[in-house]
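Student: Below is a structure I'd like to ask you about.
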């Protein structure tokens, strides 16, 4: 069937797709799929289409077509089901395009029959919903961009096809799985070959494993920017070639089996910042340019005897390396080979190395010790750029050889140079103390070191003396202008100035306004120099308080009383209002000081008098108006006994309850010769003896026994 016919029929098909969780590519070598075919005719575009294929385990058939090519023995049938599955059956290789492209938005699962031997180019490129691929046979190749951009795939498992000599081989074409951002794990069986960018941008890929392989060849940029990749298990007993930039930017890769690697090309492991250890192949004679550039996790490296050349930038920016030994079997250290290794403190280049490139150790800002060979006849003008930190140089040649080799002690101004260095010599230790008598800031050192090579056995810092400051003169500060203290060091003569802050000479804070119920207390202080005053509030405002001498009072009709009083107000407070709830029963008129007059009406009843303070605090008292006169019910406040000296007086202050009683208080002495009492309750002692003073109001009495001495 021609493609145009297929497209026309496909556009009229009704598809019902179901989502499939997860995403994977699986290989099952012995699984077969049977599909029952049934002929049927399709209508023109837009007309309804009945199912012309029988349903199967995959669902109802939406569309089926056949691809045949006698030249390469291809005879393929592909079927799309309403479940979202695409089944590819038959024999041969799929074409270098996507015959089922019309259904790309709906296909979620692909099942490839065991007769399919290879996948062509772009078969499933950018299929947005593709989650699983099941391969029931073995594949010799997955073509260029076959699964590029399938972002929902999570796992890959593929077994290679057996070739003519009985070896399983699988080749991945250029960009085969590029930008499959959901891909997490990949597993392959057989000899494994990849072309450019096979897994570029697979940012979720964590693990890659290859089984039953004798040969692995990784093309350029194979795992470029696979930032989640932590494990690459790639065994191969005969050959393992790692292409240029193959693992560039795999920042999570922390281990790699280098045991069978035959070659590592340019920038193969560049910026693998988590890689902690490497083993340089024992075959080949060159470490390629930038091979381990930016591998900041490397702690140390061992260079085997087969290596003759260390390429340009080979270990540049490997900031974790602290010590380095380059064997004499190496002849060339290329330009910037170890540049910007900021953690490097010491390197030893053995005799035999002949050439060092420009900037070989540039930017090694913490380098302290260099051991250099005589075999380099001429060092470049600049092979290090940070001269100041270098303290010790051991040179295997003589002082004359040093000069001929373009080396100058003037550049290494902080270093001690030891000539005719012999690595097998016996140390001859001496002790020296270095101080700076005229300096107050430079620390001294006490060292025990070898006089032949400068090796330091022990080192102790002698603290700097520090300045001994003396005041030369002072410019006094005022209330508004800062002063200056001029100082000079008595030891070294260094001078400095210290500012004296401008400040007022304030008195202690004094409270000028006490706290009230409306405001906190106010304090003031005054500068004795310029008279400036400052004011502040302190503490909190007072809480409102109120006391009353009664909570309820009886009154006879038309009776007036002034006995009710309000007291105990907080400072600043006063009575704001007096109000009766029922003026026909009782009226009230009062003052802000807490005194008032309450007048009973003509009728009996009850009324509530509300007292409201300026602060808002309120209290109520109950007024009961009755027809009868108010009588005394109780007398309090009279002591039961008291003692007086002859001629002295004592005033009784009885309190009657209720306060509004109209019954007068009277006083009577039982023995006027001993003690008398006035109508105001004033007792006067006359002579020695005892007398009883009786206080009476209405029918109520209280007695006080007075003893005169």
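Residue numbers (my numbering): 700 to 1408. Even glycine gets a Cβ: it sits at the ideal position worked out from N, Cα and C. All values derive from a computational prediction rather than experimental measurement.
1. Whole-angstrom Cβ separation of residue 1118 and residue 1096, contact assumed at under 8 Å?
2. List the endpoints of the continuous alpha helix (DSSP H) containing residue 867.
3. On the DSSP letters alone, give me the boundaries of the beta strand (DSSP E) that residue 1115 sits inside.
4. Just tell me which of 1194, 1180, 1207 has its CA closest to the CA of residue 1201.
5. Mind checking whether residue 885 and residue 920 have CB atoms under 9 Å apart?
6. Give me the residue from 1213, 933, 1162, 1260 with the minimum Cα distance to residue 1271.
7. Would you list the residues sitting across from residue 1128 in a DSSP beta bridge?
8. Candidates 839, 1222, 1230, 1252: which alpha carbon is nearest residue 1239's?
9. Buried or exposed: residue 1230, going by 16 or more other Cβ atoms within 10 Å of its Cβ?
10. Under 7 Å Cβ to Cβ from residue 1018, same chain only, skipping five residues before and after it: list those, please.
11. What number of angstroms, rounded off, separates the C-alpha of residue 1354 from the C-alpha of residue 1401?
12. Under the criterion of a Cβ to heavy atom distance below 8 Å, does residue 1097 qualify as lining the ligand HEM?
13. Please check the pair residue 779 and residue 785, which I expect to be a contact at CB under 8 Å, by giving their CB distance rounded to whole angstroms.
14. What's the C-alpha gap between residue 1289 and residue 1280?
15. Take the Cβ of residue 1258 as the centre, count every other Cβ of all protein chains shown within 10 Å, and call the residue buried at 16 or more, exposed below.
16. So, under 8 Å CB-CB, residue 839 and residue 864 are touching, yes? Tell me the CB distance rounded to an integer number of Å.
17. Who are the near neighbours of residue 1166 in its chain, counting only those whose CB is closer than 6 Å to its CB and skipping five residues on each side?
18. Check whether the Cβ atoms of residue 1261 and residue 1295 lie closer than 9 Å to each other.
19. From the DSSP secondary-structure annotation, give me the bridge partner or partners of residue 1214.
20. Under the rule that 16 or more other beta-carbon atoms within 10 Å means buried, what is residue 1006, buried or exposed?
21. Among all the DSSP beta bridges, which residues are the ones paired with residue 1233?
22. Along the chain, where does the alpha helix (DSSP H) that runs through residue 1100 open and close?
23. Scan the stretch 1026-1072 and note each continuous beta strand (DSSP E) run of 3 residues or more that stays entirely inside, going in chain order.
24. Around the Cβ of residue 1208, are there at least 16 other Cβ atoms within 10 angstroms (buried) or fewer (exposed)?
25. With a 10 Å radius around its C-beta and 16 neighbouring C-beta atoms as the bar for buried, classify residue 737 as buried or exposed.
26. How long is the line joining the alpha carbons of residue 1195 and residue 1147, rounded to whole angstroms?
27. What residue does the beta strand (DSSP E) around residue 786 start on, and which one ends it?
28. Report yes if the C-beta distance between residue 837 and residue 859 is below 9 Å; otherwise report no.
29. Got a sec? Which residues, its chain only, sit under 7 Å from residue 750 by beta carbon, not counting five neighbours each side?
30. Do you know offhand how far residue 973's Cα is from residue 1066's?
31. Just to confirm before moving on: does the CB-CB distance between residue 1314 and residue 1217 stay below 9 Å?
32. Using CA coordinates, which residue listed in 1408, 829, 1021 is at the minimum distance from residue 1069?
33. What first and last residue would you give for the beta strand (DSSP E) that runs through residue 1356?
34. Could you give the C-beta distance for residue 1329 and residue 1251, rounded to a whole number, given that I count them as a contact under 8 Å?
35. Consult DSSP for residue 1078 and reduce its assignment to one of helix, strand or coil.
36. I'd like to know whether the C-beta atoms of residue 1010 and residue 1038 end up nearer to each other than 9 Å.
Tutor: Reading from the atomic positions:
1. Translated into the one-based positions of the chain shown, residue 1118 becomes position 419. Translated into the one-based positions of the chain shown, residue 1096 becomes position 397. Contact holds; Cβ gap of about 7 Å.
2. Looking up residue 867 in the chain shown gives position 168. Segment 867-871 is the beta strand (DSSP E) holding residue 867; no alpha helix (DSSP H) there.
3. As a first step, residue 1115 is located in the chain shown; it is residue number 416 there, counting from the start. Per DSSP, residue 1115 belongs to the beta strand (DSSP E) from 1115-1117.
4. Your numbering for residue 1201 matches position 502 in the chain shown. Answer by Cα proximity: 1180.
5. Locating residue 885 in the chain shown gives position 186, where the first residue counts as 1. Locating residue 920 in the chain shown gives position 221, where the first residue counts as 1. Result no, Cβ atoms of residue 885 and residue 920 do not sit closer than 9 Å.
6. In the chain shown, the residue the question calls residue 1271 occupies position 572. The shortest Cα separation from residue 1271 among 1213, 933, 1162, 1260 belongs to 1213.
7. Here residue 1128 refers to the residue found at position 429 of the chain shown. Among the bridge pairs identified by DSSP, residue 1128 is matched with 1149.
8. Locating residue 1239 in the chain shown gives position 540, counting from the first residue. Of the candidates 839, 1222, 1230, 1252, the one whose C-alpha sits nearest the C-alpha of residue 1239 is 1222.
9. Your numbering for residue 1230 matches position 531 in the chain shown. Flag for residue 1230 reads exposed.
10. Residue numbering aside, residue 1018 sits at position 319 when the chain shown is read from its first letter. Only residues of its own chain outside the window of five on either side were considered, and among them 995, 1040, 1041, 1042 have a CB closer than 7 Å to the CB of residue 1018, listed in chain order.
11. The residue you call residue 1354 lines up with position 655 of the chain shown. The residue you call residue 1401 lines up with position 702 of the chain shown. Each residue's alpha carbon lies about 11 Å from the other.
12. Among the components of this structure there are no ligands whatsoever, and the ligand HEM is therefore not found.
13. One-based indexing of the chain shown puts residue 779 at position 80. One-based indexing of the chain shown puts residue 785 at position 86. With a Cβ gap of about 6 Å, residue 779 and residue 785 count as contacting.
14. Within the chain shown, residue 1289 is the residue found at index 590, counting from 1. Within the chain shown, residue 1280 is the residue found at index 581, counting from 1. Cα to Cα, the separation comes out at about 15 Å.
15. For this step, residue 1258 is matched to residue 559 along the chain shown. By the 10 Å Cβ count, residue 1258 comes out buried.
16. Within the chain shown, the letter at position 140 stands for residue 839. Within the chain shown, the letter at position 165 stands for residue 864. That pair is no contact at about 13 Å.
17. For the purposes of this step, residue 1166 is taken as residue 467 along the chain shown, with counting starting at 1. Cβ neighbours of residue 1166 beyond the five flanking positions: 1139, 1188.
18. Here residue 1261 corresponds to residue number 562 of the chain shown, with the count starting at 1. Here residue 1295 corresponds to residue number 596 of the chain shown, with the count starting at 1. Yes.
19. Within the chain shown, the letter at position 515 stands for residue 1214. Bridge partners of residue 1214: none, in fact.
20. Translated into the one-based positions of the chain shown, residue 1006 becomes position 307. So residue 1006 counts as buried.
21. As a working note, residue 1233 is residue 534 in the chain shown. Note: residue 1233 sits in a beta bridge opposite 1224.
22. Working through the chain shown from its first residue, we reach residue 1100 at position 401. Its alpha helix (DSSP H) spans residues 1098-1103.
23. 1045-1048, 1068-1071
24. Within the chain shown, residue 1208 is the residue found at index 509, counting from 1. Label assigned to residue 1208: exposed.
25. Position 38 of the chain shown, counted from the first residue, corresponds to residue 737. The pLDDT assigned to residue 737 is 37, lower than 50, so where the model puts this residue is not dependable, and the model offers no usable value.
26. Within the chain shown, residue 1195 is the residue found at index 496, counting from 1. Within the chain shown, residue 1147 is the residue found at index 448, counting from 1. In a straight line, the C-alpha of residue 1195 is about 38 Å away from that of residue 1147.
27. On the chain shown, residue 786 is found 87 positions in, with the first residue counted as 1. From DSSP, the beta strand (DSSP E) with residue 786 extends over 784-792.
28. Translated into positions along the chain shown, residue 837 becomes position 138. Translated into positions along the chain shown, residue 859 becomes position 160. Yes, the Cβ-Cβ distance between residue 837 and residue 859 is below 9 Å.
29. Stepping through the chain shown from its first residue, residue 750 is reached at position 51. Caution applies to residue 750, whose pLDDT of 39 falls short of 50 and renders its modelled position unreliable; the model cannot decide the point.
30. Indexing the chain shown from 1 puts residue 973 at position 274. Indexing the chain shown from 1 puts residue 1066 at position 367. Computed Cα separation, rounded: 23 Å.
31. As a first step, residue 1314 must be located in the chain shown, where it is residue number 615. As a first step, residue 1217 must be located in the chain shown, where it is residue number 518. Contact: yes.
32. Here residue 1069 refers to the residue found at position 370 when the chain shown is read from its first residue. Closest option to residue 1069, Cα to Cα, is 1021.
33. Residue 1356 sits at position 657 when you count from the first residue of the chain shown. Counting along the chain, the beta strand (DSSP E) containing residue 1356 begins and ends at 1354-1356.
34. Position 630 of the chain shown, counting from 1, holds the residue named residue 1329. Position 552 of the chain shown, counting from 1, holds the residue named residue 1251. Their Cβ separation, rounded to whole angstroms, is 12 Å, which puts residue 1329 and residue 1251 out of contact at 8 Å.
35. What you label residue 1078 is simply residue 379 of the chain shown in a count that begins at 1. Note: residue 1078 maps to coil in three-state DSSP.
36. By one-based count along the chain shown, residue 1010 stands at place 311. By one-based count along the chain shown, residue 1038 stands at place 339. It is not a contact, given that the beta carbons lie outside the stated cut-off.
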